[in-house]
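Order-wise, the sequence lines are chains A and B.
Residue numbering for the first sequence follows this note's numbering, starting at 264 and increasing by one per position.
Residue numbering for the second sequence follows this note's numbering, starting at 3 and increasing by one per position.
We put the beta carbon where it would ideally sit given N, CA and C, even for glycine.
Here the structure is laid out as structure tokens; the discussion comes afterwards.
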Amino acid sequence: MTKATATLLYSKEHEWVLQLDGNRVRIGISDFAQKQLGDIVFVETPEVDDEVTANESMGTIESVKAVSDLYSPVSGTVVLVNEELGDAPETINEHPFEAGWLIEVEMSNPEELDSLLNEEAYQAFINEGEE
Amino acid sequence: MGMATALKQTPLFEVYGKFGAKVIDFGGWALPVQFSSILDEHESVRTKAGLFDVSHMGEVLVVGKDAERYINYLCTNDVTKLDINQAQYTAMCYPDGGTVDDLLVYKLDNEKYLLVINAANIEKDFEWMQQHAKGEMALQNISNEVAQIAIQGPNAEGVLQKLTETDLSKIGSFRFVQHVNLDGITDVLVSRTGYTGEDGFELYLSASQAEALWVKLLEVGSDDGLKPCGLGARDTLRLEARLALYGQELLPDISPLEAGIGFAVKTNKVNDFIGKYALLAQKEAGLKRKLVGIEATGRGIPRHGYKVVSEDGEAIGVVTSGTQSPSLKKSIGLALIAAEHTEVGTPLKVEIRNKLIEAVVVKTPFYKKG
């Protein structure tokens, strides 16, 4: 299991955001989310050049048992998609923070990052939900 | 994840935690969806052995001189064909041919039968049975006193044999032995039945002894790869084996014939049974819709409730169950569709999140052991 780094930000929908150069971010789902989903068998992400909008559905992720929506944590244009997931969606279970990333987005509104949670706030958010 | 206190618990609820179960609300029951992972547990059952708590299932005793006649009136299969210590898969129907439930009938004695019914239907079924009671017989709902544990997979016999002197190799398919002693756990009904498409046993015993048997089996079975399994793997296993699930393949508005369990409907048996004339009429007129296996050839997984569309865009039915098959690594499903589209090889489309995904009718079962 890989650990999250302190520089990640999280949405309440359990996506993580890693800031790359400039306004570009990498997006994935959290370790907590992959554990909740169980064995992931299918991922449907937007394609390169698609527009995504913060807090709106951008695709789906399916475990053996269930289908869940993926919500974009930011708005912008998709610039890169993790093609490896098509054949190996289980990578998300194994390495949610590294090889299991979903897409990279060029943000149109970088201020949206301010409304995301840092590691500590996200952990508190999860713990609250588990009680 | 807060667990509402109102959920019903099986006698094994207390041990789930010790084996790492993820417990969910399953039709009002607190049941384990998985222990390690659904894929891992599925694989264990196909190659070694898996242990399932199925104590949520309901059990009803039918006792009396007219028990056999009553069951034959209540159910679609022919119970008169059963020997003592033999079990039979059957259905109960409404007069219009719709399905009340699917169940197993165990002939314990000439005047004593055990009916095993679905958890979600216990109250509905028992009421239905009482309404149609006739002759010299009595019904007893013993669901709360009886635990049920299933041990399934190629190593199931070997593991279970370690606990008993009863020769398990002599128990044929759909046969059982009563009053077995499993290493001090007494009066167990050991039945060579299951819901996974693998060889295995279903064990019925008093609720108070369930925990001891569960722990004991996992202890003696660990060398043979026996693992506790949840309902997630049970569902993928039964679907690969094309075994019907009440609430999905079988419903009050779906007849056993439509659901493809016509082998359990004996319209030619000597006596009348509830639903007989509706089912006969369906047979004579030809079925308008049938349950088929489908495989999604496009990217996506068919799921319960998704619409099925013909090649030329006509809505022809619905997916009743679907999953990514762990054994076949393919997206498979069962679909109830218009009869003219049910031939193997017929191309179809499944509407998955507003997109039409290519699929094809395939032979079932999707997976066969060996």
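Quick check on DSSP: helix, strand or coil for residue i?
i                      : result
residue 349 of chain B : strand
residue 34 of chain B  : strand
residue 74 of chain B  : helix
residue 319 of chain B : strand
residue 354 of chain A : helix
residue 282 of chain B : helix
residue 27 of chain B  : strand
residue 21 of chain B  : helix
residue 208 of chain B : strand
residue 149 of chain B : strand
residue 234 of chain B : helix
residue 259 of chain B : coil
residue 274 of chain B : coil
residue 39 of chain B  : coil
residue 57 of chain B  : coil
residue 69 of chain B  : helix
Quickly, what does DSSP pair residue i with across the bridge? List them, please.
i                      : result
residue 52 of chain B  : B/154, B/229
residue 291 of chain B : B/340
residue 326 of chain B : B/333
residue 187 of chain B : B/184
residue 332 of chain A : A/323
residue 171 of chain B : According to DSSP, which records beta bridges pairwise, residue 171 of chain B is partnered with nothing at all.
residue 222 of chain B : Its beta-bridge partners do not exist; DSSP assigns none.
residue 142 of chain B : B/63
residue 252 of chain B : B/248
residue 309 of chain B : B/320
residue 178 of chain B : B/193
residue 202 of chain B : B/154
residue 296 of chain B : B/335, B/363
residue 354 of chain B : B/357
residue 272 of chain A : A/280, A/381
residue 341 of chain A : A/368
residue 10 of chain B  : B/31
For residue i and residue j, what's the separation of their Cα atoms in angstroms?
i                      : j                      : result
residue 47 of chain B  : residue 217 of chain B : 18 Å
residue 368 of chain A : residue 324 of chain A : 18 Å
residue 317 of chain B : residue 19 of chain B  : 45 Å
residue 198 of chain B : residue 317 of chain A : 43 Å
residue 176 of chain B : residue 170 of chain B : 13 Å
residue 97 of chain B  : residue 162 of chain B : 42 Å
residue 292 of chain A : residue 30 of chain B  : 30 Å
residue 278 of chain B : residue 99 of chain B  : 7 Å
residue 275 of chain B : residue 103 of chain B : 15 Å
residue 65 of chain B  : residue 340 of chain B : 42 Å
residue 361 of chain B : residue 387 of chain A : 44 Å
residue 226 of chain B : residue 312 of chain B : 47 Å
residue 38 of chain B  : residue 229 of chain B : 9 Å
residue 350 of chain B : residue 143 of chain B : 44 Å
residue 350 of chain A : residue 299 of chain B : 14 Å
residue 231 of chain B : residue 164 of chain B : 20 Å
residue 305 of chain A : residue 354 of chain A : 11 Å
residue 265 of chain A : residue 115 of chain B : Only weak support exists for where residue 265 of chain A lies, its pLDDT of 49 falling under 50; the coordinates are left without a value.
residue 160 of chain B : residue 92 of chain B  : 29 Å
residue 75 of chain B  : residue 257 of chain B : 17 Å
residue 320 of chain B : residue 353 of chain B : 9 Å
residue 290 of chain A : residue 322 of chain A : 12 Å
residue 105 of chain B : residue 154 of chain B : 19 Å
residue 245 of chain B : residue 36 of chain B  : 20 Å
residue 260 of chain B : residue 223 of chain B : 40 Å
residue 241 of chain B : residue 271 of chain B : 30 Å
residue 362 of chain A : residue 193 of chain B : 47 Å
residue 370 of chain A : residue 287 of chain A : 6 Å
residue 12 of chain B  : residue 326 of chain B : 29 Å
residue 252 of chain B : residue 214 of chain B : 35 Å
residue 210 of chain B : residue 380 of chain A : 48 Å
residue 331 of chain B : residue 67 of chain B  : 51 Å
Contact criterion: CB-CB distance below 7 Å. Does residue i meet it with respect to chain D?
i                      : result
residue 368 of chain A : The structure shown contains no chain D; the protein chains it does contain are A and B.
Would you grab the beta carbon distance between residue i and residue j for me? Rounded to a whole angstrom, and I think it's under 8 Å.
i                      : j                      : result
residue 57 of chain B  : residue 150 of chain B : 5 Å
residue 213 of chain A : residue 320 of chain A : Absent from the model: residue 213 of chain A. The displayed extent of chain A is 264 to 394, so no value can be given.
residue 340 of chain A : residue 314 of chain A : 6 Å
residue 336 of chain B : residue 295 of chain B : 6 Å
residue 278 of chain A : residue 352 of chain A : The Cβ separation is near 16 Å, so there is no contact.
residue 334 of chain B : residue 324 of chain B : 7 Å
residue 168 of chain B : residue 182 of chain B : 5 Å
- Task: Could I get the ranges of all uninterrupted alpha helix (DSSP H) runs contained in the segment 278-330 of chain A, with 4 residues as the minimum, in chain order?
- Result: 294-300
- beta strand (DSSP E) segments (min. 3 residues) lying fully within the segment 83-125 of chain B: 88-95, 101-111, 114-119
- Item | Complete beta strand (DSSP E) runs within the segment 362-389 of chain A (minimum length 3 residues, chain order) | 366-370
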